[in-house]
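So the structure is just underneath, and the comments pick up after that.
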Amino acid sequence: PILLFCYLAIPIWDMIVFTLQKLSVWANEHLLALIDIPAHINGIEVSIPYGQFEVAGGCSGLRYFLVSLTLAALYGYLYYDALSHRLALILFSMLVAITFNWIRIFMIIVIGYQTRMESSLVHSHETFGWILFAFALIPIFILANRLSPEPEPKAESLQVEPPNACPPPSLTARQPSLAAFSLALALLALGPLSAYLLKNSITVPEHYPLHVPYTLGDWQQVPTPKNKNGNQTVPPLSAQWKPNYFNSDQAIDAHYQHPEWAGTVHLAMRLYFKQTQGQELINYLNSTYDPEAWLELDKKHLSETTEYKLLQEASSKQGHPLLIHDYFLIAGERTQHALIAKLLQLKSLIAQRQDAIYIGFATDCKKAPPTTIERTAIDSTVEYRATEDLCLDAEQRLEQFMKAFHQQYALNKRIR
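Per my numbering, numbering of the sequence shown is gapless, rising by one per residue and ending at 449.
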């Protein structure tokens, strides 16, 4: 049990952040409907008439979840003999932490609605959350007290035990032996030691760092547009987009154009050679786009393994949208799912490869006529939904470019 408890400190819990985010948004969608606050849900964003809230990774409730889980696991190990009591307390603490975070987000949104987004809690609510969390621990401690075994009543008179009676177990009998304690320490150190040895034996593939060629088949790199005076003009929408991936070892942004296709394609690559804490591909801070600069309009699935995102500039909410296809490349295997990418990283670590890349392709869609866009207004919030033919040309352009790109780099596997 002690060994399992120590593994609560290992940073593997980021894998459930997105699930906690989606659950929080789903719960608040129903809570806001109960009190008749108009809200529009777009991914992890909640828009109300006076502004917009984003349930970011830090707002997923993971910290409260881990604190509750750790306290319940430690209390159960120290004070309970029955496994059922330990599991009951742990499950209850997890449920309380998740529910509390839903209520916390709900309160912040209601405060923002009632104050027209002028309350300081709308923009800074970390301390507010921890104060509320102290109250959320009360039901956990109440259940912990009720599950505790009742003390045995004192005997009113001395009783003579039969000669063959077994003596009561001493307190030292429940303490682990030195051998068991040493084994637990050895197993606990095995993980970090193995990771250290693997990291020091990792080799970077010969073709890194990457060099983007000037041509990819019939596609050629094009410079950023400039005016007659040589000054940079407003670039295409695809050139304004950059993925939100931080602390990469190599960042590549290149723009390509085909002589037979109108428009350009933006190729973005973020490479991580040897990943460390704070410098890793899969992190809740990393994302396909900056949520303050872009709105996600829709997702399109062309196949089971190919998904496109449709973005709109957050500042204007007008004009043509941007079509993006992206994925992760982990030691030669690619996937669009962060959880699978994390598992592939473990596999690649054992194979003594730790290189990981984010690859994104973006291109502008043609501006659609007014009849092909449905607009649903919630006071100041506008939702755009594109029809199927809005980005047909952009899809074909991306498909042709990605085909040329994959032939150049010969990616060997695609993982769902």
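C-beta: ideal position from N, C-alpha, C; glycine also. Keep in mind the model is a prediction, meaning the values are calculated, not measured.
I'd like to know whether the C-beta atoms of residue i and residue j end up nearer to each other than 8 Å.
i: Ser281; j: Tyr305; result: yes
i: Thr297; j: Ser271; result: yes
i: Phe125; j: Leu165; result: no
i: Asp431; j: Phe394; result: At residue 431 the sequence reads Leu, which differs from the Asp that was named. Cβ distance < 8 Å, so Leu431 and Phe394 count as in contact.
i: Trp252; j: Tyr322; result: no
i: Lys342; j: Glu329; result: yes
i: Ala72; j: Glu87; result: no
i: Phe434; j: Tyr317; result: no
i: Gly162; j: Ser152; result: no
i: Ala301; j: Ile285; result: yes
i: Tyr113; j: Leu180; result: yes
i: Leu28; j: Leu95; result: Residue numbering for the chain in the displayed model covers 34 to 449; residue 28 lies beyond these limits and cannot be assessed.
i: Ile383; j: Asp359; result: no
i: Val143; j: Ile70; result: yes
i: Leu425; j: Thr396; result: no
i: Tyr108; j: Arg149; result: no
i: Gln254; j: Ala295; result: no
i: Trp327; j: Glu340; result: no
Just confirm the distance between the C-beta atoms of residue i and residue j, as a whole number of angstroms; I'd bet it's less than 8 Å.
i: Ser93; j: Ser57; result: 7 Å
i: Ile43; j: Ser101; result: Contact flag wrong, Cβ pair sits at about 17 Å.
i: Gly41; j: Ala106; result: The displayed chain sequence assigns Leu, not Gly, to residue 41. Sure, about 7 Å apart at Cβ, within 8 Å.
i: Cys398; j: Ala437; result: Not confirmed; about 20 Å, so no contact.
i: Leu452; j: Ala364; result: Given that the chain is displayed from residue 34 to residue 449, the structure contains no residue 452 and the question cannot be resolved.
i: Met127; j: Phe98; result: 6 Å
i: Gly250; j: Gln85; result: So it is not a contact: roughly 41 Å between Cβ atoms.
When DSSP builds the beta bridges, which residues end up paired with residue i?
i: Ala395; result: His299, Ile357
i: Ser320; result: Asn277
i: Asn75; result: Glu78
i: Tyr247; result: Paired residues: none, contrary to the question.
i: Leu344; result: Glu329, Leu355
i: Gln254; result: Tyr289
i: Thr368; result: Phe361
i: Gln312; result: Thr309
i: Ala389; result: Tyr305, Ile363
| request: Determine, using beta-carbon pairs with one atom in the region 107-120 and one in the region 48-62, whether at least three such pairs fall under 8 Å. | output: no
Problem - Continuous beta strand (DSSP E) assignments of at least 3 residues falling wholly in the region 268-308 - result: 283-290, 297-305
query: Mind pulling the alpha helix (DSSP H) runs of 4 or more residues that sit fully within the region 38-71?
result: 50-67
(request) Specify whether the region 381-399 and the region 306-317 touch according to this definition: at least 3 beta carbon pairs, one from each stretch, less than 8 Å apart. (result) yes
Under 8 Å: do the region 366-375 and the region 278-293 share three or more Cβ pairs, one atom per stretch? no
Go through the region 79-129 residue by residue and report every complete run of the alpha helix (DSSP H) that reaches 4 residues or more, in order.
95-112
Are the region 156-171 and the region 127-135 in contact at 8 Å, needing three or more beta carbon pairs?
yes
_Entirely enclosed alpha helix (DSSP H) segments - the region 129-183, minimum 4 residues_ = 159-180
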